[in-house]
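Visitor:
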Amino acid sequence: MSDLSQTPAAEATGQPRPIVMPGGTRKRRMGLALVGLVLVAGAAFGFWYVLQTVDERRPYVVAARDIARWDRVSSSDFRLVNANIGDASAMVAGQMGAVYGQWATGPIPNGTFVTPGMFRPPPLSSEAEARSIVIQVSLPAEDVTYGALETGDTIALIGREALADPALGLGTAESLDAGYGAQNSELALLGVLRLDNVQGGNIIYVVEPARALEIQRLVSRYLAATDRQIWRLGFDLTAEDVQRALDGGADLGNNGNE
(Lines of atoms letter the chains of each structure in order from A and count residues from 1; the text may use other names and numbers.)
(Lines give C-alpha, C1' and ligand atoms only; values in the text may rest on other atoms or scores of the structure.)
Protein backbone atom coordinates (compact mmCIF):
# COMPACT_ATOMS: atom_id res chain seq x y z
CA MET A 1 0.00 0.00 0.00
CA SER A 2 1.50 3.32 -1.13
CA ASP A 3 1.76 6.45 0.99
CA LEU A 4 -0.14 9.20 -0.94
CA SER A 5 0.95 11.90 1.52
CA GLN A 6 4.52 11.66 0.15
CA THR A 7 3.47 11.89 -3.54
CA PRO A 8 3.69 15.33 -5.30
CA ALA A 9 0.33 16.87 -6.19
CA ALA A 10 1.03 16.76 -9.96
CA GLU A 11 1.81 13.04 -9.79
CA ALA A 12 -1.16 12.37 -7.54
CA THR A 13 -3.58 14.01 -9.93
CA GLY A 14 -1.94 12.84 -13.07
CA GLN A 15 -1.03 16.44 -14.28
CA PRO A 16 2.28 17.09 -16.09
CA ARG A 17 5.07 18.64 -14.05
CA PRO A 18 6.01 22.27 -15.16
CA ILE A 19 9.40 22.55 -16.75
CA VAL A 20 11.45 25.76 -16.21
CA MET A 21 13.80 26.54 -19.13
CA PRO A 22 17.28 27.82 -18.20
CA GLY A 23 17.54 31.63 -18.55
CA GLY A 24 13.82 32.29 -18.77
CA THR A 25 13.70 34.41 -15.60
CA ARG A 26 16.68 36.51 -16.77
CA LYS A 27 15.07 37.36 -20.12
CA ARG A 28 11.87 38.37 -18.41
CA ARG A 29 13.76 40.71 -16.09
CA MET A 30 15.67 42.31 -19.01
CA GLY A 31 12.42 42.95 -20.83
CA LEU A 32 10.95 44.68 -17.81
CA ALA A 33 14.09 46.84 -17.44
CA LEU A 34 13.90 47.83 -21.12
CA VAL A 35 10.26 48.85 -20.73
CA GLY A 36 11.23 50.90 -17.67
CA LEU A 37 13.94 52.72 -19.59
CA VAL A 38 11.53 53.55 -22.39
CA LEU A 39 9.01 54.92 -19.91
CA VAL A 40 11.66 57.06 -18.19
CA ALA A 41 12.89 58.43 -21.52
CA GLY A 42 9.34 59.21 -22.59
CA ALA A 43 8.65 61.02 -19.33
CA ALA A 44 11.85 63.07 -19.70
CA PHE A 45 10.94 64.06 -23.26
CA GLY A 46 7.44 65.01 -22.19
CA PHE A 47 8.81 67.18 -19.38
CA TRP A 48 11.21 68.90 -21.79
CA TYR A 49 8.42 69.48 -24.30
CA VAL A 50 6.20 71.04 -21.63
CA LEU A 51 9.03 73.35 -20.54
CA GLN A 52 9.64 74.46 -24.10
CA THR A 53 5.94 75.15 -24.58
CA VAL A 54 5.60 77.17 -21.35
CA ASP A 55 8.97 79.00 -21.51
CA GLU A 56 8.50 81.80 -24.06
CA ARG A 57 11.89 83.41 -23.56
CA ARG A 58 13.60 84.71 -26.68
CA PRO A 59 16.90 86.48 -27.37
CA TYR A 60 16.32 90.24 -27.31
CA VAL A 61 18.70 93.13 -27.90
CA VAL A 62 19.80 95.39 -25.03
CA ALA A 63 22.29 98.24 -24.87
CA ALA A 64 25.79 97.06 -23.97
CA ARG A 65 26.82 100.50 -22.66
CA ASP A 66 25.36 103.89 -21.81
CA ILE A 67 24.52 105.32 -25.23
CA ALA A 68 24.33 109.12 -25.39
CA ARG A 69 21.99 111.07 -27.61
CA TRP A 70 23.32 111.31 -31.18
CA ASP A 71 25.87 108.54 -30.62
CA ARG A 72 26.35 106.56 -33.81
CA VAL A 73 25.81 102.88 -32.92
CA SER A 74 27.50 99.70 -34.12
CA SER A 75 27.44 95.99 -33.26
CA SER A 76 29.64 96.52 -30.18
CA ASP A 77 26.95 98.73 -28.62
CA PHE A 78 24.48 95.83 -28.24
CA ARG A 79 24.24 92.39 -26.64
CA LEU A 80 21.61 89.64 -26.50
CA VAL A 81 19.72 88.42 -23.45
CA ASN A 82 17.12 85.64 -23.16
CA ALA A 83 13.97 87.08 -21.65
CA ASN A 84 10.20 86.94 -21.66
CA ILE A 85 9.00 90.53 -22.02
CA GLY A 86 5.32 89.76 -22.46
CA ASP A 87 3.50 92.36 -24.52
CA ALA A 88 6.41 94.80 -24.46
CA SER A 89 8.30 95.62 -27.63
CA ALA A 90 12.02 95.02 -28.13
CA MET A 91 14.42 94.47 -30.98
CA VAL A 92 15.46 90.90 -31.81
CA ALA A 93 18.82 89.77 -33.14
CA GLY A 94 17.81 89.91 -36.80
CA GLN A 95 16.92 93.60 -36.52
CA MET A 96 20.26 94.86 -35.21
CA GLY A 97 21.85 95.28 -38.62
CA ALA A 98 19.15 97.74 -39.68
CA VAL A 99 20.23 100.33 -37.07
CA TYR A 100 24.01 100.06 -37.45
CA GLY A 101 25.40 103.47 -38.31
CA GLN A 102 22.30 105.30 -37.11
CA TRP A 103 22.17 107.87 -34.30
CA ALA A 104 20.43 107.42 -30.95
CA THR A 105 17.50 109.82 -30.63
CA GLY A 106 17.96 110.05 -26.86
CA PRO A 107 20.03 108.66 -23.96
CA ILE A 108 19.85 104.83 -23.64
CA PRO A 109 21.17 103.43 -20.32
CA ASN A 110 23.20 100.23 -20.29
CA GLY A 111 20.95 97.14 -20.18
CA THR A 112 17.90 98.84 -21.70
CA PHE A 113 15.80 96.81 -24.15
CA VAL A 114 16.06 98.74 -27.41
CA THR A 115 13.65 99.23 -30.28
CA PRO A 116 14.29 100.46 -33.84
CA GLY A 117 12.41 103.66 -32.96
CA MET A 118 15.23 104.69 -30.61
CA PHE A 119 17.49 105.33 -33.61
CA ARG A 120 17.34 107.32 -36.81
CA PRO A 121 19.59 107.91 -39.81
CA PRO A 122 22.09 110.76 -39.47
CA PRO A 123 20.76 114.16 -40.53
CA LEU A 124 20.78 115.02 -44.22
CA SER A 125 20.35 111.37 -45.11
CA SER A 126 16.71 111.65 -46.05
CA GLU A 127 14.43 114.20 -47.68
CA ALA A 128 12.53 114.76 -44.43
CA GLU A 129 15.75 115.89 -42.71
CA ALA A 130 17.21 117.87 -45.58
CA ARG A 131 16.70 121.13 -43.69
CA SER A 132 18.80 120.03 -40.71
CA ILE A 133 22.54 120.39 -40.43
CA VAL A 134 25.08 119.27 -37.85
CA ILE A 135 27.28 121.90 -36.20
CA GLN A 136 29.86 121.68 -33.44
CA VAL A 137 30.93 124.49 -31.13
CA SER A 138 33.30 124.65 -28.18
CA LEU A 139 33.22 126.58 -24.93
CA PRO A 140 36.15 126.89 -22.50
CA ALA A 141 35.66 124.55 -19.55
CA GLU A 142 37.52 126.96 -17.26
CA ASP A 143 34.81 129.59 -17.80
CA VAL A 144 32.16 127.45 -16.07
CA THR A 145 31.60 128.93 -12.63
CA TYR A 146 30.18 125.76 -11.06
CA GLY A 147 30.48 122.09 -12.02
CA ALA A 148 30.90 120.85 -15.58
CA LEU A 149 28.71 121.27 -18.62
CA GLU A 150 26.43 118.32 -19.38
CA THR A 151 23.91 117.41 -22.04
CA GLY A 152 20.59 119.11 -21.36
CA ASP A 153 22.06 122.04 -19.42
CA THR A 154 20.85 125.57 -20.09
CA ILE A 155 23.63 128.10 -19.66
CA ALA A 156 23.99 131.87 -19.53
CA LEU A 157 26.98 133.37 -21.36
CA ILE A 158 28.31 136.48 -19.59
CA GLY A 159 31.14 138.79 -20.63
CA ARG A 160 32.35 142.26 -21.53
CA GLU A 161 32.13 143.21 -25.19
CA ALA A 162 34.11 145.92 -26.92
CA LEU A 163 32.24 149.21 -27.15
CA ALA A 164 31.21 150.33 -30.62
CA ASP A 165 32.51 153.37 -32.37
CA PRO A 166 29.97 154.15 -35.10
CA ALA A 167 32.78 155.35 -37.35
CA LEU A 168 35.08 152.36 -36.84
CA GLY A 169 32.74 149.46 -36.20
CA LEU A 170 32.20 147.11 -33.30
CA GLY A 171 35.19 145.22 -32.00
CA THR A 172 37.59 146.11 -34.80
CA ALA A 173 41.27 146.64 -34.15
CA GLU A 174 40.87 150.36 -34.96
CA SER A 175 38.05 150.64 -32.44
CA LEU A 176 40.15 149.10 -29.68
CA ASP A 177 43.16 151.29 -30.52
CA ALA A 178 40.96 154.37 -30.37
CA GLY A 179 40.05 153.63 -26.77
CA TYR A 180 36.75 151.86 -27.29
CA GLY A 181 38.03 148.74 -25.59
CA ALA A 182 36.21 146.04 -23.68
CA GLN A 183 37.52 147.47 -20.43
CA ASN A 184 35.09 150.36 -20.91
CA SER A 185 32.00 148.14 -21.32
CA GLU A 186 29.86 146.61 -18.60
CA LEU A 187 29.58 142.96 -17.72
CA ALA A 188 26.47 141.76 -19.57
CA LEU A 189 24.39 138.71 -20.35
CA LEU A 190 25.28 137.93 -23.96
CA GLY A 191 22.78 135.14 -24.40
CA VAL A 192 21.31 131.85 -23.20
CA LEU A 193 22.14 128.51 -24.78
CA ARG A 194 20.74 125.02 -24.30
CA LEU A 195 23.25 122.21 -24.69
CA ASP A 196 21.74 119.50 -26.88
CA ASN A 197 24.66 117.08 -26.85
CA VAL A 198 27.90 117.54 -24.91
CA GLN A 199 30.75 115.25 -25.94
CA GLY A 200 34.00 116.07 -24.19
CA GLY A 201 34.72 119.73 -24.76
CA ASN A 202 32.40 119.98 -27.76
CA ILE A 203 28.69 120.73 -28.09
CA ILE A 204 26.87 119.20 -31.05
CA TYR A 205 23.62 120.48 -32.52
CA VAL A 206 21.33 119.12 -35.21
CA VAL A 207 19.32 122.18 -36.21
CA GLU A 208 18.05 124.17 -39.15
CA PRO A 209 20.60 126.47 -40.83
CA ALA A 210 19.10 129.68 -39.37
CA ARG A 211 19.36 128.32 -35.82
CA ALA A 212 22.88 127.09 -36.53
CA LEU A 213 23.93 130.64 -37.48
CA GLU A 214 22.39 132.02 -34.27
CA ILE A 215 24.33 129.53 -32.15
CA GLN A 216 27.61 130.16 -33.94
CA ARG A 217 27.22 133.95 -33.71
CA LEU A 218 26.45 133.80 -29.99
CA VAL A 219 29.45 131.57 -29.28
CA SER A 220 31.70 133.82 -31.40
CA ARG A 221 30.52 136.89 -29.47
CA TYR A 222 31.19 135.16 -26.21
CA LEU A 223 34.68 133.98 -27.18
CA ALA A 224 35.55 137.53 -28.32
CA ALA A 225 34.51 139.02 -24.96
CA THR A 226 36.60 139.46 -21.85
CA ASP A 227 35.85 138.55 -18.22
CA ARG A 228 33.91 135.58 -19.57
CA GLN A 229 31.69 133.48 -17.29
CA ILE A 230 29.39 130.53 -18.00
CA TRP A 231 26.50 130.06 -15.59
CA ARG A 232 24.36 126.95 -15.41
CA LEU A 233 20.70 127.91 -15.13
CA GLY A 234 18.22 125.78 -13.22
CA PHE A 235 15.13 125.84 -11.04
CA ASP A 236 16.74 128.30 -8.62
CA LEU A 237 18.44 130.50 -11.23
CA THR A 238 16.97 131.97 -14.39
CA ALA A 239 18.25 134.26 -17.11
CA GLU A 240 16.12 137.05 -15.58
CA ASP A 241 17.86 136.50 -12.22
CA VAL A 242 21.22 136.83 -13.94
CA GLN A 243 20.19 140.01 -15.76
CA ARG A 244 18.84 141.60 -12.56
CA ALA A 245 22.03 140.73 -10.72
CA LEU A 246 24.14 142.24 -13.49
CA ASP A 247 22.02 145.40 -13.57
CA GLY A 248 22.34 145.75 -9.80
CA GLY A 249 26.03 144.99 -9.70
CA ALA A 250 25.59 141.90 -7.50
CA ASP A 251 28.35 139.33 -7.17
CA LEU A 252 27.38 136.27 -9.23
CA GLY A 253 30.67 134.48 -8.94
CA ASN A 254 29.25 131.61 -6.89
CA ASN A 255 26.49 130.94 -9.47
CA GLY A 256 23.96 130.91 -6.65
CA ASN A 257 25.26 127.61 -5.26
CA GLU A 258 26.85 128.68 -2.00
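So the sequence shown is numbered by our numbering: it starts at 326 and just counts up by one.
Positions of the beta carbon are idealized from the N, C-alpha and C atoms, including for glycine.
Every value quoted in this text rests on a predicted model; they were computed, and no experiment measured them.
(1) Measuring straight from C-alpha to C-alpha, what distance separates Arg-542 and Asn-407?
(2) Just how far apart, CA to CA, sit Arg-569 and Leu-514?
(3) What separation, rounded to the nearest whole angstrom, lies between the Cα atoms of Ala-537 and Val-523?
(4) Leaving out five residues on either side along the sequence, give the residues of the same chain with a beta carbon under 6 angstroms from the beta carbon of Gly-525.
(5) Name the DSSP beta bridge partners of Ala-388, please?
(6) As a quick exercise: from Ala-550, Ile-540 and Asn-435, pick the residue whose alpha carbon is nearest that of Leu-405.
(7) Quick check: what's the CA-CA separation for Gly-422 versus Pro-432?
(8) Among residues of its own chain, excluding the 5 on either side of Arg-445, which ones have a beta-carbon nearer than 7 angstroms to its beta-carbon?
(9) So for Ile-540, helix, strand or coil by DSSP?
(10) Suppose you measure from the CA of Asp-391 to the CA of Ser-401; what does that come to, to the nearest Å?
(11) What does DSSP give as the partner residue(s) for Val-517 in the beta ladder?
(12) Identify, in the order they occur along the chain, each residue of the same chain with its Cβ nearer than 7 angstroms to the Cβ of Ala-418, setting aside the five sequence neighbours on each side.
(13) Using only the alpha-carbon positions, how far apart do Leu-474 and Ile-528 sit?
(14) Can you tell me whether Leu-362 is helix, strand or coil according to DSSP?
(15) Please return the same chain residues whose Cβ sits closer than 8 angstroms to the Cβ of Val-398, not counting the five positions on each side in sequence.
(16) With a CB to CB cut of under 6 angstroms and the five nearest residues on each side skipped, what residues in its chain are close to Asp-521?
(17) Could you give the distance in angstroms between the alpha-carbon of Tyr-547 and the alpha-carbon of Val-567?
Guide: From the atom records:
(1) 50 angstroms
(2) 10 angstroms
(3) In a straight line, the C-alpha of Ala-537 is about 16 angstroms away from that of Val-523.
(4) none
(5) Phe-403
(6) Comparing Cα positions, the closest option is Asn-435.
(7) 20 angstroms
(8) Gln-427, Trp-428 and Thr-430
(9) helix
(10) 12 angstroms
(11) Ala-481, per the DSSP bridge assignment.
(12) Result list for Ala-418: Pro-384, Val-386 and Leu-405, in chain order.
(13) 9 angstroms
(14) helix
(15) Ile-392, Val-424, Tyr-425, Gly-426, Gln-427, Trp-428, Ala-429 and Phe-444
(16) Closer than 6 angstroms at the Cβ level, and outside the excluded window around Asp-521, lie Tyr-530.
(17) 16 angstroms
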